[in-house]
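Numbering (UniProt numbering), first residue to last: 1 to 861.
Glycine included, each C-beta is placed from N, C-alpha and C at the ideal position.
Computed from a predicted structure; not experimentally measured.
Notes to accompany the following structure.
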Amino acid sequence: MSAKLEEKCYFETFAAPSWLPGGKIFWYRRATAKDKFEFALVDIDRQSVRPAFHHNDLAKQLEKHAGSSIDSDNLPFTWIEMEDGLVRFRLQKQMWEYNIEEDLLRTWKGQFSQGNPALAYGGAPTSHQPGRRRVAVSFTNNTRSGLDMYAVKPSGETALYLDISQGQTLLQRSGVGAVWKFVGSGSRVKGVYCVPDVQHDAVVLDDTNIDEYMGTCDSDLPEGWEERVTDTGRVYYLDHNTKSASWRLPLRILPTFSPNQQGNSPQFETESDDSTQSRCSQVAEVEKSGDDETTLFVRQYNVWMKSSREERELSSDGSSESPYAPNTIRISPNKQSAIVWQCMAAEDMSISYNIDYTPDNQFLPKLIQTSTQLPGDPIRVDRPRLFSLGTQSEISTTDDLFSNPFSIHDLGWSRKGDEYHFLFIKRGLQCRRILGINCTGSVRVLHEENSSTFLDLNKLCYHTLSRSDRIIWASEEDGYNHLYLIDMTAGHVQNQITKGRWNFRSIEHIDEVTEHIWLSAYGYWEEEDPYHVHLVRAKFDGTECISLTKGDGTHNWSYPWSANDRHYFVDTWSRIDLPPQTVVRCFRTGKLQFSLSTTSPLELLNRGWDPAERFVALGRDGKTKIYGLIIRPPNFSVDKRYPVLETIYAGPQDFYTVKSFSRISGQRQWSNDGYVVVQIDGMGTNWRSKAFHDICYKNLKDAGLPDRIIWMQAAAKTRPWMDLSRVGIIGSSAGGQNAVSALLHHGHFYKVAVADSGCHDNRLDNMDWSEQWLGYPVDQAYADNSNITHAANLQEDGRLLLMAGGLDTVVNPASTMRLATEFNRHGKEYELLFIPDGGHNCGSGSGRKRVASFLRKHLEP
Numbered sequence: 001m002s003a004k005l006e007e008k009c010y011f012e013t014f015a016a017p018s019w020l021p022g023g024k025i026f027w028y029r030r031a032t033a034k035d036k037f038e039f040a041l042v043d044i045d046r047q048s049v050r051p052a053f054h055h056n057d058l059a060k061q062l063e064k065h066a067g068s069s070i071d072s073d074n075l076p077f078t079w080i081e082m083e084d085g086l087v088r089f090r091l092q093k094q095m096w097e098y099n100i101e102e103d104l105l106r107t108w109k110g111q112f113s114q115g116n117p118a119l120a121y122g123g124a125p126t127s128h129q130p131g132r133r134r135v136a137v138s139f140t141n142n143t144r145s146g147l148d149m150y151a152v153k154p155s156g157e158t159a160l161y162l163d164i165s166q167g168q169t170l171l172q173r174s175g176v177g178a179v180w181k182f183v184g185s186g187s188r189v190k191g192v193y194c195v196p197d198v199q200h201d202a203v204v205l206d207d208t209n210i211d212e213y214m215g216t217c218d219s220d221l222p223e224g225w226e227e228r229v230t231d232t233g234r235v236y237y238l239d240h241n242t243k244s245a246s247w248r249l250p251l252r253i254l255p256t257f258s259p260n261q262q263g264n265s266p267q268f269e270t271e272s273d274d275s276t277q278s279r280c281s282q283v284a285e286v287e288k289s290g291d292d293e294t295t296l297f298v299r300q301y302n303v304w305m306k307s308s309r310e311e312r313e314l315s316s317d318g319s320s321e322s323p324y325a326p327n328t329i330r331i332s333p334n335k336q337s338a339i340v341w342q343c344m345a346a347e348d349m350s351i352s353y354n355i356d357y358t359p360d361n362q363f364l365p366k367l368i369q370t371s372t373q374l375p376g377d378p379i380r381v382d383r384p385r386l387f388s389l390g391t392q393s394e395i396s397t398t399d400d401l402f403s404n405p406f407s408i409h410d411l412g413w414s415r416k417g418d419e420y421h422f423l424f425i426k427r428g429l430q431c432r433r434i435l436g437i438n439c440t441g442s443v444r445v446l447h448e449e450n451s452s453t454f455l456d457l458n459k460l461c462y463h464t465l466s467r468s469d470r471i472i473w474a475s476e477e478d479g480y481n482h483l484y485l486i487d488m489t490a491g492h493v494q495n496q497i498t499k500g501r502w503n504f505r506s507i508e509h510i511d512e513v514t515e516h517i518w519l520s521a522y523g524y525w526e527e528e529d530p531y532h533v534h535l536v537r538a539k540f541d542g543t544e545c546i547s548l549t550k551g552d553g554t555h556n557w558s559y560p561w562s563a564n565d566r567h568y569f570v571d572t573w574s575r576i577d578l579p580p581q582t583v584v585r586c587f588r589t590g591k592l593q594f595s596l597s598t599t600s601p602l603e604l605l606n607r608g609w610d611p612a613e614r615f616v617a618l619g620r621d622g623k624t625k626i627y628g629l630i631i632r633p634p635n636f637s638v639d640k641r642y643p644v645l646e647t648i649y650a651g652p653q654d655f656y657t658v659k660s661f662s663r664i665s666g667q668r669q670w671s672n673d674g675y676v677v678v679q680i681d682g683m684g685t686n687w688r689s690k691a692f693h694d695i696c697y698k699n700l701k702d703a704g705l706p707d708r709i710i711w712m713q714a715a716a717k718t719r720p721w722m723d724l725s726r727v728g729i730i731g732s733s734a735g736g737q738n739a740v741s742a743l744l745h746h747g748h749f750y751k752v753a754v755a756d757s758g759c760h761d762n763r764l765d766n767m768d769w770s771e772q773w774l775g776y777p778v779d780q781a782y783a784d785n786s787n788i789t790h791a792a793n794l795q796e797d798g799r800l801l802l803m804a805g806g807l808d809t810v811v812n813p814a815s816t817m818r819l820a821t822e823f824n825r826h827g828k829e830y831e832l833l834f835i836p837d838g839g840h841n842c843g844s845g846s847g848r849k850r851v852a853s854f855l856r857k858h859l860e861p
C-alpha cells in the first residue's frame, strides 16, 4: 500500500522542465491521471500555467496521417520544441510541425536544437583510453523512474555501473573521454554523456527520451529480436540469433550526428601504429603571419614544430611506452613557450580471471581475462615537459616537487604566459600541490595541502578564472569542505569564500563579471538534517553567502543549460516523509515567483500511507548525531515484536540513507516480508565533518557499526516492537564486506548476515577505491581490514549466507571464495550461493528468492 501510494504521488507531482530559449518559459509533461499526460507551458513572467497547445486538435490532425485513433491524453511522443506558435515533434521517424493558430500539421525537415547537447553525445566510442585526468561531474536524476548508469567501453560494449534513484544526485569523478549512458524504464535512453575536458560539470537528466530526440525510434528492435510479455506483465526480449532471453534490449551508442548537434564534446585521435605515416595526431597553431604558419604537433610519439620553411623535431625520447600526448599541447599566450605532457604507461598490470561456464558460442567453459589495477600496482605517470619555441628546444625541468604522482591536472598558462600551472596529487592521497613551471624551467609551489589521513578525491573541485590568475579551490582545511580563492601569481590564499558547519558539494554556475558563484551545499541550514542539499550563492570575496532555496527538505533544481538564459530555476524539495513541493525562484536572489505543485502529506496519510520514520541518536562519542530511517512492515501492530533487518552500504565515498521522497522499493520489499527495516549512516561515511569521515581511514572493518548498534538500541528503547534479539544485516559489494564484518566483530548484536558480491579483502579490489581509504603503499592495514584475516571470529550462533556471481567483473568472486576457504579451515558453518552466470549484485536478481528464504529461516518474521 505505502509503496504504491509513494509511486502514485511521485508520478502526479513530478515536473521536469524543458526550457525554451531565453530562459523565461518552459514546458513539462504533467500527469493528469494514470497513464494520462498533457504538455503544460509555464510562462514565469506572466505566472501562468496552461496547456502548451490544444491536445484534442493535434490528435485529430495526427489521426488523418496515421489512419488510426490517437489518444489526446497520451500523445505518442515525449519531446516537443516550440517557436513562434509552432510545435515540433518526432513521430514514427518523421519530424512534424504543428501550427497552433491555424490548426495545421505538416512534415518538417529540421532537427531538434533545444535539448542539452551534453546529453546527446553521438560520437563513436573512442579507442583512446580515458586518462587519469579526472573531472568532477554531478548527475541528477530528474526523471520519473530510477536510472541505470552504464559505462561505455572503448569497444562500444556497455557495462552496468550502478543505478541512480529518483531525485538522487550522484557525484562521479571520471576520466576525460569516458562515456556514460543512462537508461530509464522501458530501456529508454535518457542521455549519453562524454566527459569533457573541463574542470567540473553538473548534469541534470530529465524526462527527455534521447532516442526520440536523436531520431532512433524506441520501437526499432535489433534484427532477430522479439518483444514478449510475461504472465505478470513484465516485458522481456527474445534474441533468436543466440536463442537467449533478456530483460533489457542491447544498449547501443547513438548514431553520430552533425557538428551543430554535437556541442563541445571532445574528440580523440590516436597515433597510427604504422610508423611510416607522418600524420599529425593533433596540431596547435603557434603563430600565423601572412603565408607563414607555425604549428606544433606530435608525430611518432615525439613533439615536432612546423613552419612554411621546415619541420623540426623538438623531442627525441618519446616512444610507444612513453609517448607525448597530442591532446596535451599547451601554447603560452605570448607564443614563446609550450607544455606537452609525456605519458609513461603502467607496466605489469594485474590480470583478473573469470570463468564463463555457459558461453553462448561454445559448449565448453570459457576463461575470461581482464587487465586491472590492484592496490600497489604500477600506474600511468603523466609529466609536463617545457619547450622554448624561440630556440626550438626542450628546457630542462626537475620533477622533485611532483614525483610519484597519483594524478596530474592541467590548469593552463598564466595570462602573461610566463608560468604554466598544474595540480599534482601524490600517490597515497595525502599531499596535493598547485605548482607553477616558469618559462625558464624553475618549478615553485603555489599552494600545498597535506593530511595525516587522506585528501578525499570525491571532494576535489577547482575552477580557474579566465579574467585573472586565480583559482577557486575546495578544501577541508577548516574541518568542513569549503571554497577558497587562491592567487596563483602571489602563491597564497586570498580569502575563504564559504565557511560554517556545512559542506560545499559542487559548483553550479560562475559569473566572473559580478564575481558570484552558485554552488550546492549539504547542511547549510543548521536546524535541518545535515544531509539536505540546498542551492547557495556567494561572492568571491566571501560576502553575501545566502541560500537560494528554502524549505525543510533536500532540494534539487533545474535551470536552462545555456548559462546566458539562467534567470529563473525550478526548485523541488522533499523528505522521505514529505511529498515533493515544486516552486519557481529567481536565479540570482532566490525570490519565490510562484508555486507549481504541492501535495500535503495528510492526503497520503488519510489514504493509508505509512511513511518511513526519520530517527536521530547520538553516536559512539556521545555527542555526534547519527541519522537513519525506520520502515515498518504492513499491517503493523505495536503489540507485536518484529525482527530488525539493516540494509547496509558504508562505502566512505558517500552517504546512503534516503533523504528525498521516494518509493524506497528495495527496503519496502523487505519490510513487506515482516521485518522492521533500518538504514543508517554511521561514522566513516562522507559529507559530515572531516573528523567524522576520518574514522574510516585504515579502518574499513569499522563501517560505522558501533554507531549503528547504539542507534538501534536508542530506537528500541521507545519502540518495544523492535526485537533486538533478532537482528540481521544485508549488503552488496562494499556492503557485503560490511555485513560480514558485522558478524565477525559484533557477533553479540548481529546474528544473521547476507553478503552479496562482497569485497572481503581490498587487496583484490580496484586500486583507486582501496588506496583512497587504506593508503599507499600496501601495508598491514590491508590485512587488518580483511574479513579473511578475521574469519575465525565467526560465532557459533552466527548465520551467514555468502553470494557470488561467476561473471562479476567489479569484485572478482575470488574474494568470496578465499573467505569461504578460510571459514572451512576454521571449521565454521555458513552457506554459499554461487551463481555461475551472475554478475555484480547478483542477490538482487535471481538470488533474491534464496536470500528471502535464508532470512525467513533464521530471523523468523
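| query | Buried or exposed: where does Y353 fall if 16 or more other Cβ atoms within 10 Å of its Cβ makes it buried? | reply | Position 353 of the sequence shown, counted from the first residue, corresponds to residue 353. Y353 comes out exposed.
| Which whole-angstrom value is the C-beta distance of V740 and F854, which I expect to be below 8 angstroms? | One-based indexing of the sequence shown puts residue 740 at position 740. One-based indexing of the sequence shown puts residue 854 at position 854. 14 angstroms between Cβ atoms; not a contact.
| said: Suppose contacts are defined by Cβ-Cβ distances below 8 angstroms. Is W518 in contact with S547 by that definition? | reply: By one-based count along the sequence shown, residue 518 stands at place 518. By one-based count along the sequence shown, residue 547 stands at place 547. No; because the gap between Cβ atoms is not below 8 angstroms, this pair is not in contact.
| request: Indicate whether at least one CB of chain B lies closer than 8 angstroms to the CB of F387. | output: Reference to chain B is not applicable here, since this structure consists of a single protein chain.
| query | Apart from the five residues just before and just after N785, which ones in its own chain have a Cβ nearer than 6 angstroms to its Cβ? | reply | If you number the sequence shown from 1, residue 785 lands on position 785. Closer than 6 angstroms at Cβ, skipping near neighbours: L700, K701.
| If you run the structure through DSSP and keep just helix, strand and coil, what is V192? | Position 192 of the sequence shown, counted from the first residue, corresponds to residue 192. It is a strand residue.
| task | Put D784 into one of helix, strand or coil per three-state DSSP. | result | As a first step, residue 784 is located in the sequence shown; it is residue number 784 there, counting from the start. D784: helix per DSSP, three-state reduction.
| said: If I measure Cβ to Cβ from D529 and keep anything under 7 angstroms in the same chain, skipping five residues before and after, which residues do I get? | reply: As a position in the sequence shown, residue 529 is number 529, starting the count at 1. So the qualifying residues of the chain are Y627, K659.
| field | Bridge partners - M82, DSSP secondary structure assignment | value | Within the sequence shown, numbered from 1, the residue matching residue 82 stands at position 82. For M82, which the question treats as bridged, DSSP gives the partners V87.
| said: Less than 8 angstroms between C-beta atoms, sequence neighbours within five positions excluded: which residues of the same chain meet that for K640? | reply: Translated into positions along the sequence shown, residue 640 becomes position 640. If we look at K640 and ignore the five residues flanking it on each side, its Cβ neighbours are W721.
| message | Suppose you measure from the CA of R566 to the CA of I351; what does that come to, to the nearest Å? | response | Translated into the one-based positions of the sequence shown, residue 566 becomes position 566. Translated into the one-based positions of the sequence shown, residue 351 becomes position 351. Rounded to the nearest angstrom, the two C-alpha atoms are 49 angstroms apart.
| task | Determine the burial state of D274: buried for a count of at least 16 other Cβ atoms within 10 Å of its Cβ, exposed for fewer. | result | The residue you call residue 274 lines up with position 274 of the sequence shown. Its pLDDT being 33, under 50, D274 is placed unreliably by the model, and nothing is read from it.
| Within 10 angstroms of its Cβ, does Q342 collect 16 or more other Cβ (buried), or is it exposed? | Within the sequence shown, the letter at position 342 stands for residue 342. With 16 or more other Cβ atoms within 10 Å, it is buried.
| Taking DSSP as the reference, what is the three-state secondary structure of G735? | Along the sequence shown, one-based indexing puts residue 735 at 735. In the structure shown, G735 sits in a helix (DSSP, three-state: H, G or I).
| Helix, strand or coil for S689 per DSSP? | The residue given as residue 689 occupies position 689 in the sequence shown. Reduced to three states, the DSSP call for S689 is coil.
| message | Quick check on DSSP: helix, strand or coil for S18? | response | By 1-based counting over the sequence shown, the position of residue 18 is 18. S18 falls in the strand class under three-state DSSP.
| Beta-carbon gap between D756 and N672 smaller than 8 angstroms | In the sequence shown, residue 756 corresponds to position 756, counting from 1. In the sequence shown, residue 672 corresponds to position 672, counting from 1. Result no, Cβ atoms of D756 and N672 do not sit closer than 8 angstroms.
| query | Do L629 and R614 have their C-beta atoms within less than 8 angstroms of each other? | reply | Position 629 of the sequence shown holds residue 629. Position 614 of the sequence shown holds residue 614. Yes, they are a contact pair.
| query | Sorted by chain position, which residues of the same chain lie with C-beta nearer than 7 angstroms to G551's C-beta, five sequence neighbours on each side aside? | reply | The residue labelled residue 551 in the question sits at position 551 within the sequence shown. Counting only Cβ-Cβ distances below 7 angstroms, and skipping sequence neighbours, we find W573, Q581.
| said: Just to confirm my understanding: we take E6, look at its own chain, exclude 5 residues before and 5 after, and list those with CB closer than 6 angstroms. What are they? | reply: In the sequence shown, residue 6 corresponds to position 6, counting from 1. Closer than 6 angstroms at Cβ, skipping near neighbours: R663.
| request: For A431, name the three-state secondary structure that DSSP assigns. | output: The count along the sequence shown starts at 1 and reaches residue 431 at position 431. The sequence given here places Cys at residue 431; Ala does not occur at that position. Strand at C431.
| request: Measure the alpha-carbon distance for K4 versus I44 and round it to whole angstroms. | output: Counting from one through the sequence shown, the residue named residue 4 turns up at place 4. Counting from one through the sequence shown, the residue named residue 44 turns up at place 44. Between K4 and I44, the C-alpha separation is close to 33 angstroms.
| What first and last residue would you give for the alpha helix (DSSP H) that runs through M683? | Here residue 683 refers to the residue found at position 683 when the sequence shown is read from its first residue. Careful: M683 lies outside any alpha helix (DSSP H) and carries neither H nor E.
| said: Please give me, in chain order, every unbroken run of the beta strand (DSSP E) with length at least 3 that falls completely inside the region 101-160. | reply: 104-107, 134-141, 147-152
| Do you know how far the Cα of Y697 is from the Cα of G682? | Sequence index remark: in the sequence shown, residue 682 carries index 682 (1-based). Sequence index remark: in the sequence shown, residue 697 carries index 697 (1-based). Cα to Cα, the separation comes out at about 14 angstroms.
| task | Quick one: grab the DSSP three-state call for M488. | result | Locating residue 488 in the sequence shown gives position 488, counting from the first residue. Coil at M488, not helix or strand.
| task | Can you tell me which of Y750, A538, P117, H65 puts its alpha carbon nearest to the alpha carbon of E97? | result | Counting from 1 along the sequence shown, the entry for residue 97 is found at position 97. Cα-wise, what sits closest to E97 is H65.
| Contacts around V851, its chain only, beta-carbon distance under 8 angstroms, and the 5 residues preceding and following it disregarded | As a first step, residue 851 is located in the sequence shown; it is residue number 851 there, counting from the start. Contacts found: I730, V754, D756, L801, M803, G843.
| From K288 to S332, what does the alpha carbon distance come to, in whole angstroms? | On the sequence shown, position 288 is the one that residue 288 refers to. On the sequence shown, position 332 is the one that residue 332 refers to. Below a pLDDT of 50, predicted positions are generally treated as unreliable, and K288, at 48, falls in that range; the measurement from the model is reported next regardless. In a straight line, the C-alpha of K288 is about 15 angstroms away from that of S332.
| query | Secondary structure at G542, three-state DSSP: helix, strand or coil? | reply | Within the sequence shown, the letter at position 542 stands for residue 542. If DSSP states are grouped into helix, strand and coil, G542 belongs with coil.
| Contact check, H693 vs G704, beta carbons under 8 angstroms | Counting from one through the sequence shown, the residue named residue 693 turns up at place 693. Counting from one through the sequence shown, the residue named residue 704 turns up at place 704. It is not a contact, given that the beta carbons lie outside the stated cut-off.
| task | Can you grab the Cα-Cα spacing for the pair residue 900 / L807, in whole Å? | result | Any answer about residue 900 is impossible in this case: the structure gives the chain only from 1 up to 861.
| Opening and closing residue of the beta strand (DSSP E) in which Y656 lies | The residue you call residue 656 lines up with position 656 of the sequence shown. No beta strand (DSSP E) contains Y656, which DSSP labels as neither H nor E.
| field | the region 394-410 touching the region 353-362, judged by at least three CB pairs closer than 8 angstroms | value | no
| query | From P634 to G666, what distance separates their C-alpha atoms? | reply | One-based indexing of the sequence shown puts residue 634 at position 634. One-based indexing of the sequence shown puts residue 666 at position 666. Looking at the two C-alpha atoms, the distance is approximately 15 angstroms.
| task | In the DSSP assignment, find the unbroken alpha helix (DSSP H) run with M767 in it and report its ends. | result | If you number the sequence shown from 1, residue 767 lands on position 767. That run of the alpha helix (DSSP H) goes 767-774.
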